[in-house]
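Take a look at the structure below.
Protein chains: 2
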Amino acid sequence: MSDPVEFYFDFSSPYAYFAAHKIDEMVEGFGREVVWKPMMLGAALKETGGLPLTQYPIKGDYCRSDWARLARFQELPWSMPANFPIATLAAARAFYWIDDQDLAKAKAFAWDCFLKFYGEGEDISSPKSVAAIAVKHGLAEDDVISAIADDTVKQRVKDETTAAVAKGVFGSPFIIVDGEQFWGADRLWMVKRWLRAGGW
Amino acid sequence: MSDPVEFYFDFSSPYAYFAAHKIDEMVEGFGREVVWKPMMLGAALKETGGLPLTQYPIKGDYCRSDWARLARFQELPWSMPANFPIATLAAARAFYWIDDQDLAKAKAFAWDCFLKFYGEGEDISSPKSVAAIAVKHGLAEDDVISAIADDTVKQRVKDETTAAVAKGVFGSPFIIVDGEQFWGADRLWMVKRWLRAGGW
Chain A
118 MSDPVEFYFD FSSPYAYFAA HKIDEMVEGF GREVVWKPMM LGAALKETGG
168 LPLTQYPIKG DYCRSDWARL ARFQELPWSM PANFPIATLA AARAFYWIDD
218 QDLAKAKAFA WDCFLKFYGE GEDISSPKSV AAIAVKHGLA EDDVISAIAD
268 DTVKQRVKDE TTAAVAKGVF GSPFIIVDGE QFWGADRLWM VKRWLRAGGW
Chain B
118 MSDPVEFYFD FSSPYAYFAA HKIDEMVEGF GREVVWKPMM LGAALKETGG
168 LPLTQYPIKG DYCRSDWARL ARFQELPWSM PANFPIATLA AARAFYWIDD
218 QDLAKAKAFA WDCFLKFYGE GEDISSPKSV AAIAVKHGLA EDDVISAIAD
268 DTVKQRVKDE TTAAVAKGVF GSPFIIVDGE QFWGADRLWM VKRWLRAGGW
């Protein structure tokens, strides 16, 4: 199997929700795995001087309306979270802890985090809210809460974020295949083109 | 005929080059005119606090490489201008002055400005360089130079920019159809969807 498709994102990125919905299905048939890599986008934005989208005047309003129409197009539930952006450390930590046990389960958990946050508009920043989602995937609430507070797991998210930034990730979603970078949910067509041709 | 498709851009925006190459052909068959509206993106960025793309660390490098690959995909000439971004007041003024005489000629002139700047990497900020492009479209060099210095033409570009910002334009390219906003060269598919359905 060729190198995996690396899918970097922050749970607090609506465009990641739209890309996450499509990426595994899109990559199917190309003999590649998709590796999901949640990260702390704030760390990347510090490098570039960017802001969370809703904090830009005018552009923020555009994005809110853009997210609603993209949700309609992809037939996904949409409810703009009242708290936005949020801290997504708990979700990212839980993700990597689950990922080390079962990759498919980690993706299913991550997708449910997206659905809870953007589909229902519910805040998923607290360890308790993240654990409630993990419980639906057969994990014990106490184990998840402990994992989120575990130093090794905490360090893992820091390391993954540092590694992502070192690879040039500056936004979310951000896809890297064979070293080639693709920024944004609008660029899945280009990722597909790369996979099909095996380069340019 | 239904309302026109408004195509806002700054000549100093590579993504506008890629969108300009496709937009008229894409809109053909929908019974709509495409109105090209060059503007001063700097004025819009002042409202949102954005920067020209190449001024962001990391993201700037990504964009340079993205422009080169997009040019390959669209089979367009590409030579990253040594001076970038540039002041595009002269090109915008010449555009509106020509536009008032002949819409098709103004578009052909604008496209040649894009080609000179991105295809050849030549600076097009001076009135002389802009006039040289206009001359190829049958205009007299002295007339173009005078128009660029004309107070009415100067005010026209200011007014067009103010009107664009008032309509919510915060980036380039930016398309408005029937009041619906579309930001970015990556969103032509969505404009097409709007045109086809006549709404959502």
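Chains as they are written, first to last, in the numbering used here: chain A, 118 to 317; chain B, 118 to 317.
Beta carbons are placed, not taken as given, at the ideal position from N, Cα and C, and that holds for glycine.
Quick caveat, the model's predicted, so the values are computed rather than measured.
Query, Result
"With DSSP as the reference, identify every bridge partner of Pro155 (chain B), one or two as the case may be.", "B:Phe126"
"Run through DSSP, which three-state label would Gly215 (chain B) get?", "It is worth fixing the name first, because residue 215 (chain B) is Ile in this sequence and not Gly. It is helical."
"Per DSSP, what kind of secondary structure is Gln172 (chain A) in: helix, strand or coil?", "helix"
"Can you give me, in chain order, the residues of the stretch 129 to 154 of chain A that have a beta carbon less than 9 Å from any beta carbon in chain B?", "none"
"With three or more beta-carbon pairs closer than 8 Å as the criterion, would you say the stretch 192 to 203 of chain A touches the stretch 209 to 228 of chain B?", "no"
"Relative to the C-alpha of Asp127 (chain B), which candidate in B:Arg304, B:Leu187, B:Thr278 has its C-alpha closest?", "B:Thr278"
"Suppose you measure from the CA of Pro131 (chain A) to the CA of Ala185 (chain B); what does that come to, to the nearest Å?", "28 Å"
"Pull up the DSSP beta-bridge partners for Gln298 (chain A), would you.", "A:Ile293"
"Assuming Phe124 (chain B) and Pro290 (chain B) make a contact with CB atoms under 8 Å, what is their CB distance in whole Å?", "7 Å"
"Taking a contact to mean a Cβ-Cβ separation below 8 Å, would you say Glu239 (chain A) touches Lys233 (chain A) in this structure?", "yes"
"What does Phe201 (chain A) touch in chain D if you count any residue whose Cβ is under 7 Å from its own?", "Absent here is chain D; the protein component of the structure consists of chains A and B."
"Check whether the Cβ of Asp303 (chain B) lies closer than 8 Å to any Cβ atom in chain A.", "yes"
"Out of B:Gly167, B:Gln172, B:Thr171, point me to the one whose CA is closest to Leu170 (chain A)'s CA.", "B:Gly167"
"Counting only beta-carbon separations shorter than 8 Å, does Ile293 (chain B) have a partner in chain A?", "no"
"Under 8 Å between the Cβ atoms of Ala281 (chain B) and Lys176 (chain B)?", "no"
"Determine the chain B residues that contact Phe124 (chain A) at a beta-carbon separation under 7 Å, and present them in chain order.", "Those do not exist, as Phe124 (chain A) stays about 17 Å from chain B at its closest Cβ, beyond 7 Å."
"Report yes or no: do three or more beta-carbon pairs, one from the stretch 292 to 307 of chain B and one from the stretch 136 to 143 of chain B, lie closer than 8 Å?", "yes"
"Are there 16 or more other CB atoms within 10 angstroms of the CB of Arg304 (chain A), so buried, or fewer, so exposed?", "buried"
"Name the chain B residues that come within less than 8 Å of Gly167 (chain A), Cβ to Cβ?", "Tyr173, Lys176"
"Can you tell which of A:Pro121, A:Ala160, A:Asp120 has its C-alpha closest to the C-alpha of Asp276 (chain A)?", "A:Ala160"
"Using a Cβ-Cβ cut-off of 8 Å, state whether Gly236 (chain B) counts as contacting chain A.", "no"
"When DSSP labels each residue in this structure, what does Asp259 (chain A) get in the three-state scheme?", "helix"
"Which value, in whole angstroms, describes the spacing of the CA atoms of Asp259 (chain B) and Leu312 (chain A)?", "53 Å"
"By the three-class DSSP mapping on this structure, what secondary structure does Arg304 (chain B) have?", "helix"
"Considering Phe135 (chain B), what are the terminal residues of the alpha helix (DSSP H) in which it resides?", "131 to 144"
"Confirm, please, whether the CB-CB distance from Tyr235 (chain B) to Tyr134 (chain B) is below 8 Å.", "yes"
"Beta-carbon within less than 7 Å of His254 (chain A)'s beta-carbon, same chain only, minus the 5 sequence neighbours each way: which residues are those?", "Lys222, Ala225, Phe226"
"Report yes if the C-beta distance between Ile262 (chain A) and Cys230 (chain A) is below 8 Å; otherwise report no.", "no"
"Along the alpha helix (DSSP H) that carries Gln272 (chain B), what are the first and last residues, could you check?", "268 to 283"
"Counting only Cβ pairs nearer than 8 Å, list the residues of chain B close to Glu164 (chain A).", "Pro174, Ile175"
"Straight-line CA distance for Gly315 (chain B) to Leu158 (chain B)?", "29 Å"
"Return yes when the Cβ of Tyr179 (chain B) is within less than 8 Å of the Cβ of Trp317 (chain A), no when it is not.", "no"
"Straight-line CA distance for Arg189 (chain B) to Trp195 (chain B)?", "8 Å"
"With distance defined between alpha-carbon atoms, name the residue in A:Gly296, A:Ala266, A:Val286 nearest to Glu164 (chain A).", "A:Val286"
"Thr287 (chain A) touches chain B at which residues, Cβ-Cβ below 9 Å?", "A small fix is needed here, since residue 287 (chain A) is Phe in this sequence, not Thr. Per Cβ cutoff of 9 Å: Tyr173, Pro174, Ile175, Lys176, Tyr179."
"Where does Ser182 (chain A) land, buried or exposed, given buried means 16+ other C-beta within 10 angstroms?", "exposed"
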